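*Asks:*
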Amino acid sequence: MKDHARNSSSNLTRRDLLRTGSAALAASVLSTPLAWAAASDADITGRNSLKAHAHKHGLLTGFAVNVHLLRTDPVYTRILTEQASILVPELALKWVALRPAPDKFDFTDADTFVDFAHKHKIKLRGHTLAWHESIPSWFEATVTKENARHFLEEHIATVVGRYKGKMQSWDVVNEAILPKDKQPGGFRDSPWYKRLGPEYIDIAFRAARQADPKLILTYNDYGVEYDNEEDGERRKVILEFLRSLKTKGVPLDAVGIQSHIKAGSPSTIGKGLREYMAAVREMGLQIYLTELDVNEDDLAYNDVAKRDETIAATYRDFLNVALAEPSVKDLLIWGVGDSHTWLNDGPTHHRKQPNRPQRSLPFDNDYRPKPAFFAIRDAFDHRAKA
Ligand code: G3I
Numbered sequence: 456m457k458d459h460a461r462n463s464s465s466n467l468t469r470r471d472l473l474r475t476g477s478a479a480l481a482a483s484v485l486s487t488p489l490a491w492a493a494a495s496d497a498d499i500t501g502r503n504s505l506k507a508h509a510h511k512h513g514l515l516t517g518f519a520v521n522v523h524l525l526r527t528d529p530v531y532t533r534i535l536t537e538q539a540s541i542l543v544p545e546l547a548l549k550w551v552a553l554r555p556a557p558d559k560f561d562f563t564d565a566d567t568f569v570d571f572a573h574k575h576k577i578k579l580r581g582h583t584l585a586w587h588e589s590i591p592s593w594f595e596a597t598v599t600k601e602n603a604r605h606f607l608e609e610h611i612a613t614v615v616g617r618y619k620g621k622m623q624s625w626d627v628v629n630e631a632i633l634p635k636d637k638q639p640g641g642f643r644d645s646p647w648y649k650r651l652g653p654e655y656i657d658i659a660f661r662a663a664r665q666a667d668p669k670l671i672l673t674y675n676d677y678g679v680e681y682d683n684e685e686d687g688e689r690r691k692v693i694l695e696f697l698r699s700l701k702t703k704g705v706p707l708d709a710v711g712i713q714s715h716i717k718a719g720s721p722s723t724i725g726k727g728l729r730e731y732m733a734a735v736r737e738m739g740l741q742i743y744l745t746e747l748d749v750n751e752d753d754l755a756y757n758d759v760a761k762r763d764e765t766i767a768a769t770y771r772d773f774l775n776v777a778l779a780e781p782s783v784k785d786l787l788i789w790g791v792g793d794s795h796t797w798l799n800d801g802p803t804h805h806r807k808q809p810n811r812p813q814r815s816l817p818f819d820n821d822y823r824p825k826p827a828f829f830a831i832r833d834a835f836d837h838r839a840k841a
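Counting from 456, one number per residue, gives the positions in the sequence shown under the working numbering.
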């Protein structure tokens with residue numbers, strides 16, 4: 456049992472041990488007579504890693520990657536290599552990162568991400584080729600109804616073509632459905648929809664297939680997880696949309712369920728999600744859990760241990776339902792440690808706990824595995840018994 460533990464006297468932490476990878480350092484720290492400040496962490500590498508447990512049950516698993524941390528944080532990168540069999544960039548393959556100008560591409564961050572994964576033989580997902588968010592500031596005034604198709608096809612041919620043969624799958628279109636926009640078919644009234652109508656979706660998938668015929672082409676969306684009215688409506692509309700794509704022969708291979716779930720939600724997870732996944736399977740499509748994390752803002756108590764246990768139980772309960780579906784092939788977690796989660800970014804006025812950083816991810820700020828890590832790992836093994 457490898458111990459990586461925090462030592463209160465010398466302030467050597469798990470990060471220090473992992474960063475140096477030094478057995479001598481570890482020996483010196485572990486042999487000090489001082490009491491440990493915290494229980495030592497279990498060994499979570501090798502056969503005890505997330506990827507090893509996932510692999511035993513036919514799954515790939517990993518994280519959304521922050522390229523800045525890839526460049527600057529050796530502990531972060533070590534966790535990626537120890538735990539992940541697939542990775543997706545949180546930002547590096549979005550339009551805003553790739554397109555500094557209408558006639559320019561900047562692959563600096565994307566290449567860093569792809570090269571890292573390639574070097575460590577980790578599979579890759581692309582995210583995302585057509586979305587209403589993170590589009591460059593020049594887009595609105597430059598892309599018109601007349602030239603939108605050209606911009607979309609050129610972007611996909613260039614970006615997918617650059618990484619041809621290196622990507623397992625791409626989120627070709629992200630979040631295209633929003634019934635409350637009151638468009639026919641429940642489509643989101645997005646910049647691409649305003650310019651090309653729903654056909655932008657067909658155009659994007661056909662362009663992706665042409666750019667890399669071996670790619671698994673994915674439609675990715677959120678809000679299908681819970682047994683409540685809003686998610687029920689979204690599931691119904693998305694399934695109708697997916698069936699229409701299949702009927703038109705649009706090249707589509709997989710459906711992403713983002714899996715942004717909530718601790719303390721009044722809604723349950725069960726029948727609705729099971730039926731949705733079965734309906735997707737019946738269309739002959741694979742299912743990826745693409746952006747799993749737990750929003751704990753609704754938890755009224757502050758006790759960290761209690762919050763961590765509730766967050767872990769939320770992961771467990773969701774995954775026990777989702778992983779029971781045989782078509783689920785990938786599980787990606789939307790971040791590694793609590794120091795970098797989108798849930799702690801941006802304005803806090805809408806939050807119930809505005810001054811309380813969320814503990815949403817499997818590792819804490821010091822990259823120590825929390826109960827959530829073990830709940831996710833156990834959920835892979837629970838699949839075998841399902
Ligand atoms: O890097 C810049 C920094 O230089 C600048 O000072 C700062 C302030 O504007 O912005 C930084 O970029 C931010 C980027 O995250 C990196 O932190 C962008 O503004 C911000 O919009 C971006 O947010 C990302 C968001 O997607 C939009 O792309 C989140 O990190 C990311 O977690 C989130 O992920 C989305 C999925 O792609 C789709 N599903 C929902 C999910 C959560 O919103």
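Ideal Cβ placement from N, Cα and C applies to all residues, glycine included.
In this text, all values refer to a predicted model and were calculated from it rather than measured experimentally.
Would you call the CB atoms of R838 and L786 closer than 8 Å?
*Replies:* no
*Asks:* Indicate, with yes or no, if the ligand G3I has a heavy atom lying under 7 Å from the CB of L546.
*Replies:* True, at least one ligand heavy atom lies under 7 Å from that Cβ.
*Asks:* What I want to know is whether the C-beta of N799 ends up closer than 7 Å to one or more non-hydrogen atoms of the ligand G3I.
*Replies:* no
*Asks:* How should P812 be labelled, buried or exposed, when 16 other C-beta atoms within 10 angstroms of its C-beta is the threshold for buried?
*Replies:* exposed
*Asks:* Where DSSP assigns a beta bridge to I541, which residues make up the other side?
*Replies:* G517, K578
*Asks:* Beta-carbon within less than 6 Å of I499's beta-carbon, same chain only, minus the 5 sequence neighbours each way: which residues are those?
*Replies:* Excluding residues within five positions, the ones whose Cβ falls inside 6 Å are P824.
*Asks:* What does a CB cutoff of less than 6 Å around W647 pick up in its chain, not counting 5 residues either side in sequence?
*Replies:* A585, Y655
*Asks:* State the start and end residues of the unbroken alpha helix (DSSP H) segment that holds I766.
*Replies:* 759 to 777 is the span of the alpha helix (DSSP H), which, as asked, contains I766.
*Asks:* Is the distance from the Cβ of F851 to the Cβ of I716 below 8 Å?
*Replies:* A query on residue 851 cannot be resolved here, the shown segment of the chain reaching from 456 to 841 and no further.
*Asks:* For the ligand G3I, I want to know if H582 counts as a neighbour, meaning its beta carbon is within less than 7 Å of at least one of the ligand's heavy atoms.
*Replies:* Relative to the non-hydrogen atoms of the ligand G3I, the Cβ of H582 comes within a distance shorter than 7 Å of at least one.
*Asks:* If you reduce the DSSP assignment to three classes, tell me which class E608 lands in.
*Replies:* helix
*Asks:* Would you check if there are 3 or more beta carbon pairs closer than 8 Å linking the segment 799 to 807 to the segment 719 to 737?
*Replies:* no
*Asks:* How many whole angstroms separate the CB atoms of Y681 and S722, which I take to be in contact at a CB cut-off of 8 Å?
*Replies:* 4 Å
*Asks:* Could you spell out the range, first to last residue, of the alpha helix (DSSP H) harbouring T702?
*Replies:* 684 to 702
*Asks:* With DSSP as the reference, please indicate the residues paired to K717 in a beta bridge.
*Replies:* N750
*Asks:* Do A709 and S624 count as a contact pair if the criterion is CB distance below 8 Å?
*Replies:* It is a contact, given that the beta carbons lie within the stated cut-off.
*Asks:* In three-state DSSP terms, what is Q623?
*Replies:* coil
*Asks:* What are the boundary residues of the alpha helix (DSSP H) that includes T527?
*Replies:* Unbroken alpha helix (DSSP H) run through T527: 522 to 527.
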